Each structure stands twice: as C-alpha cells, then as structure tokens.
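Written out below as structure tokens is the structure these notes cover.
Protein chains in written order, with the working numbering: chain A, 1 to 323; chain B, 1001 to 1323; chain C, 2001 to 2323; chain D, 3001 to 3323.
And the structure:
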C-alpha cells in the first residue's frame, strides 16, 4: 500500500481547494504525455499543465480513460500526478481518476493522490454491474473506500455498459462527498434536466454537473443546466469560452467551426491519438506518443486532421500558426 | 413460410435492377412511417419514396435498424416493402434489411421481398458471434439462405459487437452475390483504405462500398474510396450533393452547416425520433410516430432541434420554409 | 398479422387450462424435432408430446431457446405449436415462448398460439436493456402486447445480460396475468428465498416459481420453495420424480447418478445437440437434427455421451435398453 | 515500478523450476486468505501452501480471478506471492496471474513476482478485444511485456468474452515462452482435440494443456489429451487422484460423489465464497473472509453446502471429520 507517502510541501491541498458541489467552468482532461520510447514525459506534463491554466481551465482532470491510466503502473501514476500538481501549484482543483478493477487499488491510489494534493477523485462503475441496487451499492462502497476524498461520478454508459438513472444519482448524492457528476450518457440531455428537477423538488441536494462526451453536445448541455464541461478537446480555449460566455449566435458559429474536429475526436480509441497529435502540433506536449495498446494515426488520418486544422484556422485564429 | 407470393405486375424486378458491385450514389435509408395509433402509414410510405427519389436518391434501403424492422410482423414488413416498391416503380434499386435472429425468418423475408421486386437484401452478423471463422461461416450460411438475392453486408460493430476485418471481407467477397459493403465501423476510415488496397492487389474483387455511420464521416469516406453513402439523414439532398459533386471547400462549408443536426441524429435510439421529427416537419411523412419501444422526443429536445433547423436555414435554403 | 386464425375445434383452451399462479410440477421443455433435411418433423412432435405426457409432465413448454424458436419462421412456429397442442389434447398446460426482438412479432405469435389453444406465453427481457426502470417498463409493455394471455417471466441473465431483482419481480407481479417465474439466475437460490419472503410479507402476490438452469440446482431450488421445474433434460422422469417425491436421500442418489449428463447438457449451445441426441437414442424423436446455426456433436462427444448413458443405466433403469 | 526488488535468498527460482511445456499434474489454484478485518492472512497463506503440497499438487496458481487479485494492491499482491513462494520453497512451480487492464501493471507485477521466485505468469486476453488479429496481437504484446517469464494462456471466454481458436493458439505458440494453455472454453472438449491434432500435424509445437472450468469436465478433458488440470476445487486430493490414476470406473464413482459440490462451485461469483467456506471448514485457511465486492454465503447456502459435505463424507473419507 502507498500509505506512507508524505505530502510534498509545495503542492498543498488547502481545504478551499477540495472539489465541491459548487465547482464550475471548464475542467480540462489532460492526457498523459510520453517520450518516444514510452517513458513518462514529465517535462511535457508540467508544460501542458501551465498551458491549460493559461487557457482558462477552471480545473484539471487526469488519469481518466483519455489519460491512459490503465497503462501506468502505480509509481508512474503517482509521479505524473505530482508533476501536474506541482505545475498547478494550487491554482485550480485537480481531479484524479482512480477507477480500477478492485477497491484496494482504488483506495491506495486515492489516498496517495489526495496526500499529494489532489482535490478529488473520479470513479466510474465497474463494467458488468447489473441491477440498480447492485450499482448503487458498488458506488457507495467505492465512495467509502476513497474516503475522505470528495469524488466525481463518471456516468459514461457507452463505455461501462452500466445505466445510472436520475433516481439512482439522487440516492448516491446522499453521500455529502459526492461533489460532481460527469454526465456523458448519450442521449443524456433529458437526464440532466431530470436531475436538476429532482434537485429543485428537494429530492436531492444540488451537485455540480459537468458535461462531457467529447463536448459534442456542450451547447445543449449548458442550456439544460450543467455547471461546465469536463473533456479533453485539444483546444480548451473553445470550452472555456463556451462555458464563460454562453451560447450566443457567434459562439454557435465558433462551435460549428470546431465540430468537425470534435467529431473526429469522438472516434473510440482513435480519439486519443488525434488529441495527442493536435496537442503536439500546438506545442502543448512534445510528442504524440501513446502507449500500446493504442490505435496508431495513419498517414492518411494525419492528413485528414491537418486538413481540418487548416479549415479551422480560417474561422478561429487559435488554430492558426501551427507548426 | 411466405413462398407462395406472386410478384405484383407493376413493381417488376428486371435483371438490371438487381444490386450490383457497381452500385454508387446516395442510398437513402427510409424509416417506416406510422399513423398516430401505431398502424402502418402506407400513404406516407409512398409519398416519402417519391420525395426521396426527387431528392436524387440513387437507391433506397428499408427495414434496417432505423426502419424499426423488428417492430413489424412479417405481414407488415411485406406490406410496407410493397408500398415502397410500387412508388419506386423500378426507378432505383431498393435494398431490404432481413437481419433476424434465425435463418428461417431471414430466408422467408428475403424470398418474399425479392419476389415483390426488391433489388437485394442487407445482412448484419448476429450479435454474440465470436472468432473470425465463426463470423465468416455465419455470414456465408446467411448468404446461402437468401440465395439467389444479391446482398449488402452491414458492418456496424458498435451495434453488433462483431468485428469484421478487411481479410474477412475478402473471404466473404468470394461469394459473387456479395454486392455491397455498408461500412460503418468507427473508427473505420483506414479500413476502407485497406479494403481498396486488397482489391487493387487482386486479393478480392472490387465491391461497392457505401459509407454510413450517420454520415458523420462522409467527406473522409469519399476520399478513402467509397462509392457513395447509405444513411438516413433527413436532408438527403445534402448526401446526394456531397457524393455527386465531391468535397469542394464550399461543400465542406455546407457539410459543416448540417453537422450539428447530423450529430444530433447519431444519438443511439433518439436519432430515429429526431429523423422522423424532421421528416415530418419537412412534410415527407405525415407523423413522427415511432412504435414502442422507442425513445420519445421531449419538448426540450424538440426545441433544440427546431433551433438547429433555424440556424441551418440561414446557411442552406433546403432547410428554410419548414412548417 | 396472424389474427384471422380460427381455433381448431380439437385443441380447445378451456379457462381451466390457462396458466395460473397455482401451476406446479415438472414442465418439460420440448425441443423442435426436424427431419434430416431440416424440415419440421411433425410426427416426432406428436410422439414426443405423448411420451412426455406419459412420463408425468405437468406441463409442456415449447419454442424457447432450446426449441430453436428463432430458426423457425412464423408459419413453422405455428404448425409445430398446433402439432403439440393436438397431441396434448388439453391434458396439461402448454406454454409457448414468444420472445422476439420486437413487440409486433411477439403480439402476432402470442395471439396465434393462444387462439390455437396454448395456455400461456413465456417472455424474456430483450438483451441490452439497462436500468431497473427500463427493464420493468419493457416487461410491462410486453405483457400488454400479449394480452389477454397469462405469461411466464423467464429470468435467465446469463443469456439475456439483464438483471431482474426480487423487488422488480414484485412490481411486475402487480399484473394479474403474470402467472409464473422461470427462475434461472445463477447464483439464484437466495433470490427464490427472497421472492417467497416478499410474498409472505404481503409485498407481492404468490406466483408460481419454476426452477430451471438445466436442473443443475433442482434439489436446492425445491427446498427454497419452487413449485416445480421447467427444463428440457432428456430424462423428464427424473424431474417428475424429484418434484413429486421430494429430495429423500435415495432421490439425491438418483440425482447424482444423472448429474454427469445434466452437467453435459449445460454446455452453452452444445447442450441442445446432446439433448436431441439422447432423445433420439431414447426413441422420443426420430432424428437428432438441429437447424443451422447449431453446434455439431463430434464422434468423440457422442462417445462421451454414450459412456455417460452406460454408466447411468447401471444406476437408473430408465436409461437401460437404449437402442 | 517495482524493479528494484532483490530476490530473497530463500525462495530461489532455479532454471529447472521455470514453467515448461512439459508441465503436468494438478495445479491447484489457491485463494488469497484474509483475516476477518480484510487484511492479508499470511499465516493461512503459508499453511494453505503446505497443505496443498501435501495433497499432491504438481503446481500452484495464485492471483487469478479466484485469487481476488484485483482486490489487492501491488504491495499486497507481492507480499502474498512471497508468502506462498517461501512456504513452497521450490518444491513445485508457482504460476502467478498478472492479467491487468494495462501492460504497465502487467509488466511490473510480472517482473516483481519472477524476481521473487515465481515459475511463470498467467495472462488472459483483455475483455472487449474483437477480431482474431487484434486478439493475437494483444497477446503477443502482452507476452513481450512479461519477458523473459514463461507464461500460461488462460482461455476462459465465458468471462473474457474473447474467442481464441486452435489456429490462433498455434500462432501464439510460435512464442517459445508460451508454456501452457489453461483450457476453459465451454464447450471446449473438441477444442482440446483440435489443438492436439495441430500439434500432431506439426502445425505447432506441443504445449502443456491444463483443463479448468471448475473441473466440471475433467474426466473428458483427460481423455482428450490434457496434461493435467488447473482449478481451485477445495478437495485437491480428488484432482490429484484423477490426473495420476486416470478415469477408472471407481474414479468415475468418486468424481460423481464430488460433482454436486463441484457444481455448486461453478456458480459465478458465489463459487469463491463456497470454496473459501469449505477450505475453512477443512482447516486449510483460518477464515472464509472474502474482500468486497464479493457475494456473501447466506445461512441457507451454508446449510446446503454442509449437507453436500455430509453426503460426500459417506462416499469419500477425505470429506469426513470436518470441524
């Protein structure tokens, strides 16, 4: 177990930096950068963190599916977390994905990253859970394991195969440490409305709801009542602007200009390769390397993304001047 | 069994209307229209067919997943097929989905619709098949069952859970009746390239490849070598134009203008409700009714689609003037 | 639709032969016999029915998974049902599986078989349903579709992937036409106890519960409170004796003697081939033919079953004298 | 990463104790014992190891699914492995399950346990892999990650959902470090025969094949050509006797006497609780505790197992005298 870690002095976790139900804004999901030989690229991790903060990120999320978490061993996961936390230096909350096949790994990692200064952890139900009671019980036990960390529930049934209804979320929200819902069911807009209705009716406390699902439905999610978005689109400036400024007609135009790339991102598996490729082209990370097993971006795919970036550059200056 | 059907004189199936490997263009997937009480709306079926033909459809596909095929009984499926075939009157090929849990139903329906004048049938592998050999053997047996109909292989692993590699497609293409591949793996672009490479290398005969997957990646699919597209987007005029005119910059602009609606279409389950709603608003079908079990379009969802249509109307005149 | 069928005079369906919550005993699941060329073997269907009745069957179940239902078209399903009903001649209740991908086929088949004299229908939840509410709603709608037929709920999550909890069953049992539960969850014994406890507490009406799952846990199921068993073991005499006489030590000995064969039966897919092989060896059906797609029994597998039958014959005379 | 471990002097891993293709006999799958509070019970781990060795185990397998491996964190997994290796003291090969969602954890754990003196590692394909090429490529990469450890391929498609055909195994066996196949497909007997035929035809080298699947089909597996069995039945003496002495009629009688308990073992999830309960009643481990999430054995279930043990004791003395 990883319990004997001491918290580094420089990346404190003051009480006001813990994840709360009032969290809002664009939480950027950060990939895990690697060197061409597959080793962790901690220099890129720090540079990426600083870049995302400059882009206006209201929070950072690491070690999710997009963060290739299962491909890291426990020491690597912690080393990467520390690099991000140090670069963040307490500026925004950092949420760390701790989903794992078993509770022991979940507890160990959670304890280690909270000691290192994380603001909360993210948990998705284990694939294969069936039946509302079993799902709720599993999540309640998982929440107990990561105590006293605040946590974010990831509702992504297309990946987990597990359905979580608004009524189940209301039950889970009896845990005061449930701070946030990462809402990425699809279709999922009416579900956001239903949860907000339960809150309004007093059937559950108000929690922070972040949209997700690649940002494909971010405009509608905001209208339904989300507090922000948590996704890893390689132009987080767009996410920040949409959440901050709201969906004016001009913002819809801007969203539409980005939609072809967002759509490309949403390809299962390949999306990670595309995000890393774009982040590398933007100079956010040094290398687009992903660890095996990972889909490779073919030359044809790269040319397609390059074409999308050129088109985007004509409509949004943040995409111009890529090297 | 349904073998004693006589072919209606007026919807002939001349040899040159059978589906071939040279098929190209936009094959429009037609929904099955219902009256508000859930009964078949054959008047809408006829009007829809005529409308799609006027839009430039190079073919029609009915009784697929989007056609609510499993919600029809055998007599209804045949009645709807006949209505479409009569309205089509031999103008374009009509492909009929015959996927079913068992071969007997597949064979019966295939025989009935081919006698009624269909041009070919569409088959997806049964969910649960595992192992390349088992998948290929199942598809070969399915093809034998629908003989002598030409057929289209639907490769939609996100729905079936069955992987079909280019090498497997090459083996299946040894059947001269395999006319067409409906390519909707995701990610799937490199797969199209790989199949075309196998053909160029003489490892398999050239077959017709239709893109699909809601049309989300139609521009890239065409560049990778598809012969057209087979999907049910409610503005088939766009699909027709993209396939006929190719992806100029202006066409990319037009595609982008439609992408928010195409994206909404791609929501599992809900997409059908959205397509029927838009087709009803366009006057193509009389009612947006879908048979249970089907997701309902909430008022909020309808308002969101209406907003997308208003935005679209400013950039593409085909969306203007909706009632 | 198949609504115009008239009920044959000779296989009546008097009110006292409808499936009720008081049903008990061994309901034998009958396979669908085929001739070597794959055509329906209706002569075997009749002979099999008479044989099962002589064995003491308290009911018959046809067109389940073991009945190769998805491999029959609608006319064949009805022809086979009629052959069984005629041979049964109203002696015991006959339950007909009507599970289908869509409600229309379910409704058509249900209406047709009830008109032909069936006692009730059996429904399993559609694979892919997720979330208690969605499962309950789907089953309630399915029940509405088959009205006014009494029905049996098949709870077989290893095949359907759908979890049904005791609380959900209590809600579904508000439908007075829910007569029976085919309990084949695994592990499932505590679930039987939980349902009986809900009944005892007045939380739901008492329903008939039949064990299943190949009969592997029949002794324990009876002790937990089932009213009988519904499975297709090729020696239904054993099932009849166990249910009627209870689990004495001698009956446990007899069960153990059969367990190696029951175990062989429980192999997914192959079990059907084994059951048909043994039934053919016993002279119950004329041919062991199964329709494609179906696992074949290799020579080695047949020899293994023959060996099990020889061993069984030494401990139970019903297995002796096989041709 | 866990690379800095030094090998303890006392649990050496001499070359002749590495897992080879000549491995045979009963490899006993050991559970991970816990104290009532959920902490590792290393005293039980040592006592269990000695007991299994006295029972005639030809090998030990730890940290498989039955070993609750995903519920241990990295340090616990290694501590338990060391306790078993020390008690084993080089007497028999010890195989360690290293299946994990990502290659990094697999590599770290493999390196650590091999340095600690394990004889080889066991790998199952990741759930969700689809397509023969993808499965073979993943396994080849996994094998590269655990180099230079010899490895055992676990083929358990009912759990993984991944099909592995004999032809695929032949390709994977080109890796000289593939020592063993844990054959637990179901039905799987013809597959064993097919692999042995490929070996006889020179299409692949001869590998060690261990039966599995709870031991339910051990008699038939041996006749098909397995070299032994790898399972966790709580009376390993039976497995040892069956493999060593072969399936005489008397051995079949003995197998039949155990079959009711083996059958109870095979209940998904609950089987672990039953095995631990019986091992605790036999005094092999001190407590039946399993870590959450784990099915609990109800009082009724315990009474059922007790009854099976009493019956077994009348036919096999190894089950008598349980405390």
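Backbone N, C-alpha and C fix where the C-beta goes; we use that ideal spot for every residue, glycine too.
For clarity, every value in this text was computed on a predicted model and none was experimentally measured.
In whole angstroms, what separates the C-alpha of residue i from that of residue j?
i	j	result
residue 1162 of chain B	residue 1199 of chain B	23 Å
residue 3311 of chain D	residue 2253 of chain C	9 Å
residue 1128 of chain B	residue 3157 of chain D	12 Å
residue 2005 of chain C	residue 1075 of chain B	Confidence in residue 2005 of chain C is poor, its pLDDT being 34 and thus under 50, which makes the residue's placement too unreliable to answer from.
residue 3010 of chain D	residue 3145 of chain D	For residue 3010 of chain D, the predicted model reports a pLDDT of 40, less than 50, meaning its position is unreliable and no value from the coordinates is stated.
residue 2012 of chain C	residue 2067 of chain C	Bear in mind that a pLDDT of 46 at residue 2012 of chain C, under 50, signals an unreliable position, so the model cannot answer this.
residue 263 of chain A	residue 1106 of chain B	35 Å
residue 2152 of chain C	residue 2223 of chain C	21 Å
residue 3086 of chain D	residue 3053 of chain D	13 Å
residue 2115 of chain C	residue 3225 of chain D	54 Å
residue 2018 of chain C	residue 136 of chain A	39 Å
residue 2149 of chain C	residue 267 of chain A	46 Å
residue 238 of chain A	residue 246 of chain A	11 Å
residue 1269 of chain B	residue 2126 of chain C	15 Å
residue 3376 of chain D	residue 1173 of chain B	Coverage of chain D is limited to positions 3001 through 3323, which leaves residue 3376 of chain D absent and any answer about it impossible.
residue 2299 of chain C	residue 299 of chain A	51 Å
residue 2314 of chain C	residue 1110 of chain B	51 Å
residue 123 of chain A	residue 134 of chain A	15 Å
Would you mind reading off the limits of the beta strand (DSSP E) that contains residue i?
i	result
residue 1032 of chain B	No beta strand (DSSP E) holds residue 1032 of chain B; DSSP gives it neither H nor E.
residue 1061 of chain B	1059-1062
residue 154 of chain A	151-155
residue 3208 of chain D	3208-3211
residue 2123 of chain C	2120-2123
residue 1183 of chain B	1178-1183
residue 3168 of chain D	Careful: residue 3168 of chain D lies outside any beta strand (DSSP E), inside the alpha helix (DSSP H) at 3166-3172.
residue 3020 of chain D	Where residue 3020 of chain D is concerned, there is no enclosing beta strand (DSSP E), given that its DSSP letter is neither H nor E.
residue 2231 of chain C	2228-2231
Throw me the rounded Cβ distance for the residue i and residue j pair, which I believe falls under 8 Å.
i	j	result
residue 309 of chain A	residue 297 of chain A	With 8 Å as the limit, residue 309 of chain A and residue 297 of chain A do not qualify as a contact, their Cβ atoms being about 13 Å apart.
residue 1169 of chain B	residue 1192 of chain B	That belief does not hold up - the Cβ atoms of residue 1169 of chain B and residue 1192 of chain B are roughly 11 Å apart, past 8 Å.
residue 2277 of chain C	residue 2318 of chain C	Rounded, the Cβ-Cβ distance is 17 Å, inconsistent with contact.
residue 227 of chain A	residue 24 of chain A	4 Å
residue 275 of chain A	residue 265 of chain A	6 Å
Within the continuous alpha helix (DSSP H) that includes residue i, where are the two ends?
i	result
residue 2193 of chain C	2189-2200
residue 1301 of chain B	1299-1315
residue 140 of chain A	132-145
residue 1279 of chain B	1270-1281
residue 113 of chain A	103-116
residue 2084 of chain C	2074-2088
residue 3222 of chain D	3218-3224
residue 2051 of chain C	2042-2054
residue 3251 of chain D	3249-3265
residue 2242 of chain C	2236-2245
Answer yes or no: do residue i and residue j have a C-beta to C-beta separation smaller than 8 Å?
i	j	result
residue 3132 of chain D	residue 1131 of chain B	yes
residue 2031 of chain C	residue 2286 of chain C	no
residue 3176 of chain D	residue 101 of chain A	no
residue 1155 of chain B	residue 301 of chain A	no
residue 1120 of chain B	residue 1093 of chain B	yes
residue 1112 of chain B	residue 2073 of chain C	no
message: Between the stretch 177-190 of chain A and the stretch 201-219 of chain A, can you find at least three pairs of beta-carbon atoms closer than 8 Å?
response: When Cβ pairs closer than 8 Å are counted between the two stretches, the stretch 201-219 of chain A is seen to touch the stretch 177-190 of chain A, the count reaching three or more.
- request: Indicate whether the contact test is met: 3 or more Cβ pairs, each with one atom in the stretch 2209-2229 of chain C and one in the stretch 2133-2144 of chain C, closer than 8 Å.
  value: At 8 Å Cβ cutoff, the stretches do not touch.
query: Is it a yes or a no for the stretch 2071-2086 of chain C touching the stretch 1046-1055 of chain B, going by three-plus beta-carbon pairs under 8 Å?
result: They do not touch, by the three-pair rule.
- request: Evaluate the contact criterion for the stretch 18-31 of chain A versus the stretch 56-66 of chain A: three or more CB pairs, one atom per stretch, below 8 Å.
  value: Because the criterion of three Cβ pairs below 8 Å is met, the stretch 18-31 of chain A and the stretch 56-66 of chain A touch.
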